[in-house]
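In what follows, a single structure is set out as structure tokens and then discussed.
Residue numbers (our numbering): 1 to 174.
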């Protein structure tokens, strides 16, 4: 269960036993749950706005003005929010060198001037039952071996980089 849903429902991390599969049931919510009220209010608001927008063409003038004001308010709100789109400063991958070797990626890392470097790789295990020729390609296995090798980790560190996910950048997921 995601963190925002836990917070909304007032469920603590320790309330869910290790290995359990959490499910959402209205009967299990605390009495007088403000989270439930907020969830239902949000759903009603979305449904109401959708219903109004569907009928905008035949709406009277004051309603059209109200809808235009709502759009302007939403746009202004979006403009004042801090940027949340994350992107890489550089992009490297096996495909650029046509090689599944660590040497190709290491050479690419040495040319980068810092910042966030995205490695475009598709590591995994080759699956002969897969319908896609891409998933059956033995290169998936070789990419996986390269990325997990100690030599490649040392090369990444020597180039001055540290592996991370986009979720770890700028304080966590957007």
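For each residue, glycine too, the CB sits at the ideal point set by N, CA and C.
Query, Result
"Report the option in 133, 142 and 130 whose CA atom is closest to the CA atom of residue 121.", "142"
"Rounded to whole angstroms, what is the Cα-Cα separation between residue 172 and residue 165?", "Legend: pLDDT at residue 172 = 42, less than 50; position of this residue unreliable, value from coordinates given subsequently. So the two alpha carbons sit approximately 9 Å from each other."
"Taking buried to mean at least 16 other C-beta atoms within 10 Å of its own C-beta, is residue 140 buried or exposed?", "buried"
"Enumerate in chain order the residues of its own chain whose CB-to-CB distance from residue 90 is below 6 Å, with the five nearest sequence positions on each side excluded.", "112 and 117"
"Should the segment 147–165 be called in touch with the segment 126–137, which here means at least 3 C-beta pairs below 8 Å?", "no"
"Is residue 159 closer than 8 Å to residue 125 when the C-beta atoms are compared?", "no"
"So which of 167, 155, 76 and 37 has the shortest CA-CA distance to residue 101?", "155"
"Just grab the DSSP bridge partners of residue 106 for me.", "None, per the DSSP bridge assignment."
"May I ask which residues mark the beginning and end of the alpha helix (DSSP H) holding residue 90?", "Where residue 90 is concerned, there is no enclosing alpha helix (DSSP H), although the beta strand (DSSP E) it sits in stretches over 90–93."
"Is it buried or exposed, residue 63, if we count other Cβ atoms within 10 angstroms and call 16 or more buried?", "exposed"
"Mind checking which residues open and close the beta strand (DSSP E) that includes residue 119?", "117–120"
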